[in-house]
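The structure appears right after this line, and notes come after that.
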Amino acid sequence: MRLIHTATLEVHEFLNEKAAPRYVILSHTWGDEECTLQQMDNSNTEWLSQRAGYRKILSFCAEARKHGHCWAWVDTCCIDKSSTAELSEAINCMFGWYRNADHCYVYLSDVREAAQIAQARWFTRGWTLQELIAPATIWFYNSVWEVLGSKQSLQEELQQLTGIDAEVLNTGILDNISTAQRMSWAAKRQTTRPEDLAYSLLGIFGVHMPLLYGEGARSFIRLQEEILKISSDQSLFAWGLPLQVKTIKEFLKSPANRRPQRSEMHGLLADSPSQFTSTSRIHVLEDIKSTLPPVVFNGGVRIELQVKEVSDQQIQFAVIYCTLSDNFEYYLGFPIFPWSERWVARFGEPILIAVADMVEPASTVPFCNPSVLFVKAPPFESVRTKTNNTVRFAHLLGDYGRHYRLEHVDASESAHYVAETQSIILPKDGDALHAVLYFTATDLMLQQSLASFVRDWNRSDYDNMKCSTWSFITKASGKHWYDKRLIGSCVTIHPPFAILIGGSTSNPWTRTAIILDDNRANQDFKQLFLADGRFVRTCTTRRYLSSILGQTSREDPGFNSQKQSDRLAIARCDYRIPYTYYTDLRRSTRRREGERRGTECVYAHSELRMSSSNLVERSLVLFVELSSRLGAIEQRPRWWAF
3 MRLIHTATLE VHEFLNEKAA PRYVILSHTW GDEECTLQQM DNSNTEWLSQ RAGYRKILSF
63 CAEARKHGHC WAWVDTCCID KSSTAELSEA INCMFGWYRN ADHCYVYLSD VREAAQIAQA
123 RWFTRGWTLQ ELIAPATIWF YNSVWEVLGS KQSLQEELQQ LTGIDAEVLN TGILDNISTA
183 QRMSWAAKRQ TTRPEDLAYS LLGIFGVHMP LLYGEGARSF IRLQEEILKI SSDQSLFAWG
243 LPLQVKTIKE FLKSPANRRP QRSEMHGLLA DSPSQFTSTS RIHVLEDIKS TLPPVVFNGG
303 VRIELQVKEV SDQQIQFAVI YCTLSDNFEY YLGFPIFPWS ERWVARFGEP ILIAVADMVE
363 PASTVPFCNP SVLFVKAPPF ESVRTKTNNT VRFAHLLGDY GRHYRLEHVD ASESAHYVAE
423 TQSIILPKDG DALHAVLYFT ATDLMLQQSL ASFVRDWNRS DYDNMKCSTW SFITKASGKH
483 WYDKRLIGSC VTIHPPFAIL IGGSTSNPWT RTAIILDDNR ANQDFKQLFL ADGRFVRTCT
543 TRRYLSSILG QTSREDPGFN SQKQSDRLAI ARCDYRIPYT YYTDLRRSTR RREGERRGTE
603 CVYAHSELRM SSSNLVERSL VLFVELSSRL GAIEQRPRWW AF
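Those letters in the sequence shown? Residues 3 to 644, per the numbering used here, in order.
And the structure:
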């Protein structure tokens, strides 16, 4: 540490900072003709006296001597900026040097009257933030070195100008201040070099890191990575908070609910302090569920966060342990989008997610178990990876994959279906309907109904059952295999369905629809409606689908959706199973009869997802999953299993 003797203006070096004398410190904004350490050692005092920076040092030292101080520190001449190592060490120690000073003199070179203090350039610079917070005592001087007031006497004005709490201004203690609020103090400040936006905040967050001038905005990413190592405060991820924050329901209804472009996807961390402008109103909650801290690797972050999933949406929502100070019933979160098998990207503004949407009403805690996320912005397409405009069909998956077969595929003139590879080549642009995949139930559907739902019947008795079939409704009845006096029955509804594929490779969409017979559509519709209203939510005919195939505009709102996933009930079985049981009552056995009734539905979940098609190429994959459980099948095959 170097100090200036206020009487001789000689610069002395103290290798042991603890043994250094007491000193005062200068806070100012740099101007022209500042004096460096090498220039202060120049014996040509006449040349020095002509420099504005030297005259500033003279006045500062004179003011210090007036108050009985023999030693002073000025950043322009007490650091050897020709030494990268010394400059890095000084910047990492600077917050402590300002905190340990007896007094800090703030020189406002562009202010003459106290009423002009709000227009001072000093309040817009990045380095002066720590110089306002760290010192215990600050005196403000105007351009002619007249006292304007102290940090205590100007506290109200300082609080309004900077947004810093009065308690922080009085004590300089930052332990109870959230990361987002500290960032908000620097959001509107500027520095000459972009790297200094990060380096000027090292002391504010109590972190140390090497200086790498030339890395640009990467320095702010490195600062946040260092903060992650020492803090579990997730308000660091609340950057981009708007003044009016949407709820998750409002987001889903807004134009922002769409597949993001490459330029709209970001990593977990902010690019600049300016993205924290409105984050001072964030209230931080304790993270009591995460088991491992965030880990920075491969340009991204591995982190455990709560995740809110939305049905029929590829977009999910990561939830952070923060809320707004005026709305404690909502978490803060942000949309995430999977852009590879492993990585997700963040996009859009933070949103509000109700606690009631995160947990069940019977839950005893207002949070759920976190999920492991790997978050980073997608890189520009690598030359080692190619994306083609093919949609591959991954076959039917799930519990009922063997009970339906692909009967026929219709493709538009602009698309092409390759039967050998079961793939569809999409055009490069447009949102038209390009292909329709038609599915019908196999004989296994009835057998599944009898074998799975009527488990008390013997398979050898199938031939003795009475079955009646009308279109897509099958009714079966038969005797119990053990007691022929008991009669059971089941009714299975299994209409044909279709998967619709449209859009382009960059913005594809898919829908699922029940297919009615062209010649008796009204009759089929009525039968389905009476059986189960869910079947007619989306239904149509082959004739109609053929008429709109390849059209870019469609009047039917049922097929104007641009979602990349869809789910629809496609089958239902109502069963009645008789059974007998015996009770032992005081050494006598009594025979009793009973009956089990139930309903089981089968859902078709279709989803288009970009995935690897081989070791080099990527393409869209159509997953069609059939299951009685809501949601997608967790385990999906890889490209080599298609």
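Virtual Cβ for every residue (Gly too), placed ideally from N, Cα, C.
What number of angstroms, rounded off, separates the C-alpha of Phe-531 from the C-alpha of Ile-517?
As a first step, residue 531 is located in the sequence shown; it is residue number 529 there, counting from the start. As a first step, residue 517 is located in the sequence shown; it is residue number 515 there, counting from the start. Cα to Cα, the separation comes out at about 13 Å.
Inter-residue spacing [alpha-carbon to alpha-carbon] between Pro-212 and Pro-296
Start at 1 with the first residue of the sequence shown, and residue 212 comes out as number 210. Start at 1 with the first residue of the sequence shown, and residue 296 comes out as number 294. For Pro-212 and Pro-296, the distance between alpha carbons rounds to 21 Å.
Are the CB atoms of Thr-78 and Phe-125 nearer to each other than 8 Å?
Start at 1 with the first residue of the sequence shown, and residue 78 comes out as number 76. Start at 1 with the first residue of the sequence shown, and residue 125 comes out as number 123. Against a cut-off of 8 Å, the Cβ pair of Phe-125 and Thr-78 comes out as no contact.
Is the beta carbon of Val-377 closer than 8 Å to that of Arg-407?
Your numbering for residue 407 matches position 405 in the sequence shown. Your numbering for residue 377 matches position 375 in the sequence shown. Cβ atoms of Arg-407 and Val-377: not closer than 8 Å.
Anticipated Cβ contact below 8 Å, Ile-27 with Cys-106, distance rounded
Along the sequence shown, one-based indexing puts residue 27 at 25. Along the sequence shown, one-based indexing puts residue 106 at 104. Yes, Ile-27 and Cys-106 are in contact; Cβ-Cβ is about 5 Å, under 8 Å.
Between Arg-522, Ser-508, Asp-328 and Pro-639, which lies nearest to Leu-622 when the distance is taken from Cα to Cα?
Your numbering for residue 622 matches position 620 in the sequence shown. Here the closest residue by C-alpha is Ser-508.
Can you pull the DSSP bridge partners for Met-612?
Along the sequence shown, one-based indexing puts residue 612 at 610. The partner list for Met-612 (beta bridge, DSSP) reads Leu-622.
Could you check where the beta strand (DSSP E) with Thr-542 kicks off and where it finishes?
Locating residue 542 in the sequence shown gives position 540, where the first residue counts as 1. Note, Thr-542: beta strand (DSSP E), 541-543.
Do Ile-6 and Cys-63 have their CB atoms nearer than 8 Å?
Taking the first residue of the sequence shown as position 1, residue 6 is located at position 4. Taking the first residue of the sequence shown as position 1, residue 63 is located at position 61. Yes, the pair counts as a contact, with Cβ atoms nearer than the cut-off.
Start and end of the beta strand (DSSP E) containing Ala-272?
As a first step, residue 272 must be located in the sequence shown, where it is residue number 270. Counting along the chain, Ala-272 falls outside any beta strand (DSSP E), and DSSP gives it neither H nor E.
Bridge partners for Asn-329 per DSSP, in chain order?
Your numbering for residue 329 matches position 327 in the sequence shown. In the DSSP output, where bridge partners are listed per residue, Asn-329 has Leu-326.
Within the continuous alpha helix (DSSP H) that includes Leu-518, where are the two ends?
For the purposes of this step, residue 518 is taken as the residue at position 516 of the sequence shown. No alpha helix (DSSP H) contains Leu-518, which is instead part of the beta strand (DSSP E) from 510-518.
Looking at Thr-279: is its Cβ nearer than 8 Å to the Cβ of Ser-180?
If you number the sequence shown from 1, residue 279 lands on position 277. If you number the sequence shown from 1, residue 180 lands on position 178. Not a contact, by the Cβ cut-off of 8 Å.
Runs of 3 residues minimum, wholly inside the region 254-315: which ones carry the beta strand (DSSP E) assignment?
284-286, 297-299 and 302-310
Which of helix, strand or coil does DSSP assign to Lys-477?
Mapped onto the sequence shown, residue 477 falls at position 475. Looking at Lys-477 - three-state DSSP - the assignment turns out to be strand.
Let me make sure I understand the geometry here. Which of Ile-229, Phe-239 and Glu-311 has the alpha-carbon closest to that of Ile-322?
Taking the first residue of the sequence shown as 1, we reach residue 322 at position 320. Nearest option by C-alpha distance: Phe-239.
Spatial distance of Ser-276 from Gln-161 (CA atoms)
Along the sequence shown, read from residue 1 onward, the residue named residue 276 stands at position 274. Along the sequence shown, read from residue 1 onward, the residue named residue 161 stands at position 159. Rounded to the nearest angstrom, the two C-alpha atoms are 19 Å apart.
Specify the secondary structure class of Ser-84 as computed by DSSP and reduced to three states.
Counted from its first residue, the sequence shown places residue 84 at position 82. Coil at Ser-84, not helix or strand.
If I follow the unbroken alpha helix (DSSP H) through Asp-359, where does it start and stop?
Within the sequence shown, numbered from 1, the residue matching residue 359 stands at position 357. 357-360 is the span of the alpha helix (DSSP H), which, as asked, contains Asp-359.
Residue environment, Lys-20, which counts as buried when at least 16 other CB atoms sit within 10 Å
Indexing the sequence shown from 1 puts residue 20 at position 18. Looking at its Cβ environment, which holds fewer than 16 other Cβ atoms inside 10 Å, Lys-20 is exposed.
Please list the terminal residues of the continuous alpha helix (DSSP H) segment that includes Asp-198.
Mapped onto the sequence shown, residue 198 falls at position 196. Where Asp-198 is concerned, the enclosing alpha helix (DSSP H) stretches over 198-201.
What runs of the beta strand (DSSP E), each 3 residues or longer, lie entirely inside the region 20-106?
26-29 and 73-75
Just curious, the beta strand (DSSP E) that Glu-15 is in, first and last residue?
Sequence index remark: in the sequence shown, residue 15 carries index 13 (1-based). Element bounds for Glu-15: 13-15.
Which term fits Ala-120, buried or exposed, when burial requires 16 or more other beta carbons within 10 angstroms of its beta carbon?
Your numbering for residue 120 matches position 118 in the sequence shown. Classification for Ala-120: exposed.
What residue ranges within the region 133-217 form continuous beta strand (DSSP E) runs of no fewer than 3 residues, ordered along the chain?
140-143 and 149-152
Tell me, to the nearest whole angstrom, how far the beta carbon of Asp-576 is from that of Cys-492; I am working on the premise that it is less than 8 Å.
As a working note, residue 576 is residue 574 in the sequence shown. As a working note, residue 492 is residue 490 in the sequence shown. The pair is a contact, with the Cβ atoms about 7 Å apart (cut-off 8 Å).
Three-state secondary structure (DSSP) at Arg-224?
Stepping through the sequence shown from its first residue, residue 224 is reached at position 222. Three-state DSSP puts Arg-224 in a helix.
Please go through the same chain and pick out, in chain order, the residues whose beta-carbon is closer than 7 Å to the beta-carbon of Gln-525, but skip the five residues on each side of it.
The residue you call residue 525 lines up with position 523 of the sequence shown. Contacts found: none.
What residue does the alpha helix (DSSP H) around Phe-531 start on, and which one ends it?
Along the sequence shown, read from residue 1 onward, the residue named residue 531 stands at position 529. Here the alpha helix (DSSP H) through Phe-531 covers 523-533.
Of the residues Glu-619, Val-618, Arg-611 and Asp-433, the one placed nearest Pro-639, counting alpha carbons only
Start at 1 with the first residue of the sequence shown, and residue 639 comes out as number 637. The residue with the shortest Cα to Cα distance from Pro-639 is Arg-611.
With a threshold of 7 Å (Cβ to nearest heavy atom), would Cys-37 be considered close to the ligand MG?
Inclusion of the ligand MG in the displayed structure is not the case, the ligand content being empty and no account of it being possible.
Start and end of the beta strand (DSSP E) containing Val-411?
In the sequence shown, counting from the first residue as 1, residue 411 sits at position 409. It spans 406-413 - the beta strand (DSSP E) in which Val-411 sits, taken as one unbroken run.
Please state whether DSSP places Thr-126 in a helix, a strand or coil.
Within the sequence shown, numbered from 1, the residue matching residue 126 stands at position 124. Note: Thr-126 maps to helix in three-state DSSP.
Endpoints, the beta strand (DSSP E) within which Leu-439 is located
Start at 1 with the first residue of the sequence shown, and residue 439 comes out as number 437. Here the beta strand (DSSP E) through Leu-439 covers 435-443.
What distance in whole Å lies between the Cβ atoms of Ile-572 and Tyr-546, which are believed to be in contact at a cut-off of 8 Å?
By 1-based counting over the sequence shown, the position of residue 546 is 544. By 1-based counting over the sequence shown, the position of residue 572 is 570. In fact, because the Cβ distance is near 18 Å, the residues do not count as touching under 8 Å.
Per DSSP, what kind of secondary structure is Val-377 in: helix, strand or coil?
One-based indexing of the sequence shown puts residue 377 at position 375. Three-state result, Val-377: strand.
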